[in-house]
Structures are given as structure tokens and as C-alpha cells.
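J.: Those protein sequence lines, which keep their order, are chains A and B. When you line the first sequence up against this note's numbering, it's residues 1189 to 1414, in that order. When you line the second sequence up against this note's numbering, it's residues 1189 to 1414, in that order. We put the CB at the ideal spot given by N, CA and C, even for glycine. Quick one: this structure, given as C-alpha cells, is what I'll be asking you about.
There are 2 protein chains.
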Amino acid sequence: MPKTSALAPAASFSTLERDAVYKAIFTRRDVRDQFLPDPVPDDVLRRLLEAAHHAPSVGFLQPWNFITIRSQAVRDRVASAFGRANDEAAAMFPEERQSAYKSLKLEGIRKAPLNICVTCDRDRGGAVVLGRTHNASMDLYSTVCAVQNLWLAARAEGIGMGWVSIFRDADLKAILGIPERIEIVAYLCLGFVDELYERPELEVKGWNRRLPLDELIFEEKWRGGN
Amino acid sequence: MPKTSALAPAASFSTLERDAVYKAIFTRRDVRDQFLPDPVPDDVLRRLLEAAHHAPSVGFLQPWNFITIRSQAVRDRVASAFGRANDEAAAMFPEERQSAYKSLKLEGIRKAPLNICVTCDRDRGGAVVLGRTHNASMDLYSTVCAVQNLWLAARAEGIGMGWVSIFRDADLKAILGIPERIEIVAYLCLGFVDELYERPELEVKGWNRRLPLDELIFEEKWRGGN
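Here it is, written out as C-alpha cells:
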């Protein structure tokens, strides 16, 4: 008999458990260079993907796929695709920011022993999906929730993760054999870490500063200009 | 003197701490009806918003704003906007699914004592943003990561959360005074809970089933058809 699964008392969190969730949230970093070469064991990878798979999804659609990449040859090709796109990206910045931009290491594709490409199958639920009727992006957003679950689970496992977004989609699709109709949501680099930045790397390196949270919170309605 | 903040030993997670992170991930639910009326204290709300604010963001852009809504009058107007959109949504489903759709409670706008609208300011970083040069959606995705952080922190605080996506944007913008150029990413309902579904509500109610994770994982490249 399948377990009847309905409402049950909500498990409470001890202070230590609650603090552990915040610890994952506040010490999570977008890692580009601190990856150790040790392989990520299969059972750990499985836990990370289970965490991703238990993200919320619009209409319980679970629109994601996960392509795990360990092959050096594949990662070399992906790194080359990044390099081409990053040269294009650098050229888009105003002259005075270009050298700062070029000094940043923005990916760990070759250094991280494990890469994961996370995709969204926009046709999985058919044309009409519960909760996507008025916001066509909800399936993409569900997939992003899976990425963030994976990121926090990785942090708790001692694994750093970085999200690389500087690619031409067509390049990645050609390398990974991803069909045209499938949307790439994230390309992730993962590996064990023994050091992390205490604050976000782009803050430490002076690219941007932390915004004061108070200025981002409005009560009851939007405040300020258009 | 500001603290110099650079690389430091990565804090490790004890087994109990790691399990707490997974507990948040695996017992998180999209709550629509189990909200208790107790107000969410300001210090708890602050922790939730700090968690959201510490999400990863492309180029360290922090493109989000949070509109907190407790007013009954405002929530009544939002609930009406949901109702109109949900009638439209129901009509989009094939005849045989319409009664099932209509039987689902898909929001807790009035029942949850706290609502939060999460928005993305797409102009915050100027036209050229590090990491958004080749994927224009990255600022929206950063904002979704903030939502997922908030969701998991809420779970650890004993607070249930539901994401309501069935609105016409123009309705929500009119009610909350949100400028045209600002993108609404999520409308969230929050409140303490003492009961939760053991499995996703849409699975329990037979709307959709859990997909086997093995079928969603590919190694080295996409597998299967186009």
C-alpha cells in the first residue's frame, strides 16, 4: 500500500537547525577559483540533485534536466566557449571598467572537477500549465529554485559552486547536444573547497557594494519614483 | 577600520547542520491554506528578508525590492485580482481538467497575515551588467534565488510560504503602485503553520506525479530526442 500522505504536524526546527539553514544562506559564495581537484563522490552528487529535484515547481511540473559533466575534453570546449563570449562581454563595458572586468576570474569550468548544466523543458506540461497561465516565465523560475536548492545543499556538503552565465547559448547547445527547444537556465561549476570569501567576491574586489537592505523594503506599496 | 574580508577557511557543517539544510529543502511546501493568523514578528521578517538579500546576484546587482503587505484592505484587493485571473486560467484548461482545477485552492492571500511582493529593477545596474551580457534574464533569476532563500529560511522559522503566480501584472502594479518598468517576480503569502503536507499538495491531490530523478539526469551530454 502506498503511504497515505496528507497533512501532518509540521516538523519544527531547533535553534541549531535554524541557524544551520542561515549558515548555508549567509556563507554561500559564487565560487570561481577555490575548487579543489578531489572528485565529487556519486552519493554526494545524488544528494545535491535530489535537493534540486525537490525545489518548488509551478504546477508540480518539475521542468528541469541535469547534465553532469566531468569529462576534461567537454569542459575544455565549454571553457573555450566561455572565453569567446567573455571577450565579447569585456568589449561591452565602458573603457574605464574594461581592465577591472578583465582582471576578474568569472568561471571555474576547468578547475572544478564537476560541472552541471541545468535546463528547462518548456513543453513538458503541455501548453496550459497550472500557475503558468499568466506568467510564462514560471517554469524557468522553478528551474532557478532548483539551482538555489542545489547551491545551498552544496554549501552544506563542503562543496563550492559557481554559476557561469557568459556563454552564447548556441555554443553550449552544440557542445552538449541540447535540442533547440530546450532552454539552458544555468551552467554550474562544483568542487570541494577549503577556503571561501567572507563576503561576496565582487564586493571584496570593489566591483559593487552591498546595498542597504532598509532601502529595498517598502511597506504596503511601492515608494519612490518611477 | 572596516574588517578586511578576503579568503578564509570555509566553515564546515556538522552532520546535524547538513541534515538541517536538507530538512528545510525536503519539507518545504507551497502553502495555500495552512496559515495561522498569528502575526509574523518584525524580527523574524527581518531575518527572512536578510536571507533573501543574501541570495546570489548577477554582477552583485541585488536587483530586488520587497513590498511587505499586512493591510487587510490591500490583501482584499490583491485577492480580487487573483480571482479574476484565476477564472481566466480555469477557462484555459481542457474541459476534463476544469473541475479538478477549480477544486484546488491556489492562494492564501487573505488567510496569510503577511504577503510580500518581490520585484526586479531591471535598470539598477545600467545597461551593461557583469554576467548579464549574454543572458538578459540573469537579473530575474537572481531575484528568484532571493525568493528561494526566503522560502527555506521561512521553513526553518516555522513559517509556511506560498508563491501565487496567477495575476495580471497590470492589476498588481495598480494595487501596489509599482512602476511600469519594474518587473514583478513573485507574490508570496506567509504565516506560521503547524501542519504541512508530507508531499507536495499537487501530488497528494493527484494533479501531477513526482518524476523519477534518474530520468532527468544525463551524463556528459543531452540524451534522447529533440
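#1: So for Thr1256/B, helix, strand or coil by DSSP?
#2: With 7 Å as the C-beta to C-beta threshold (strictly closer), list the residues of the segment 1344-1356 of chain B near chain A in chain order.
#3: Going along the chain, which residues of its own chain have a beta-carbon closer than 7 Å to the beta-carbon of Ser1330/A, five neighbours each way excluded?
#4: Does Val1229/A pass the burial test, meaning 16 or more other C-beta atoms within 10 Å, or should it be called exposed?
#5: Where does Gln1286/B land, buried or exposed, given buried means 16+ other C-beta within 10 angstroms?
#6: From the beta carbon of Phe1457/A, is the nearest beta carbon of chain B less than 7 Å away?
#7: Taking 8 Å as the threshold, find out whether the segment 1372-1381 of chain B comes into contact with the segment 1337-1352 of chain B through three or more Cβ pairs.
#8: Given that Arg1206/A touches chain B, what residues does it touch there, using C-beta distances under 8 Å?
#9: Comparing the C-beta of Glu1284/A with each C-beta of chain B, is any distance below 7 Å?
#10: Answer with buried or exposed for Leu1236/A, where buried requires no fewer than 16 other C-beta atoms within 10 angstroms of its C-beta.
#11: Please return the same chain residues whose Cβ sits closer than 6 Å to the Cβ of Glu1345/A, not counting the five positions on each side in sequence.
#12: Report the partner residues of Asn1303/A according to the DSSP bridge assignment.
#13: Could you tell me the alpha carbon to alpha carbon distance between Pro1225/A and Phe1214/B, rounded to whole angstroms?
#14: Quick one: does Ala1239/A have its CB under 7 Å from some CB of chain B?
#15: By the 10 Å Cβ neighbour count, where 16 or more other Cβ atoms means buried, how is Leu1328/B classified, buried or exposed?
#16: Is the shortest distance between the beta-carbon of Ile1297/B and the beta-carbons of chain A less than 7 Å?
#17: Establish whether the CB of Ala1198/A and some CB of chain B are separated by less than 7 Å.
#18: Is Phe1270/B closer than 7 Å to Glu1295/B when the C-beta atoms are compared?
T.: For this structure:
#1: strand
#2: Ala1344, Glu1345, Gly1346, Trp1351, Ser1353, Ile1354, Phe1355 and Arg1356
#3: Ala1243, Pro1244, Ser1245, Val1246, Leu1249 and Pro1251
#4: The displayed chain sequence assigns Pro, not Val, to residue 1229/A. Classification for Pro1229/A: exposed.
#5: exposed
#6: Coverage of chain A is limited to positions 1189 through 1414, which leaves residue 1457/A absent and any answer about it impossible.
#7: yes
#8: Ala1208, Ala1344 and Glu1345
#9: no
#10: buried
#11: Val1232
#12: Ile1257/A and Cys1377/A
#13: 29 Å
#14: yes
#15: buried
#16: no
#17: yes
#18: yes
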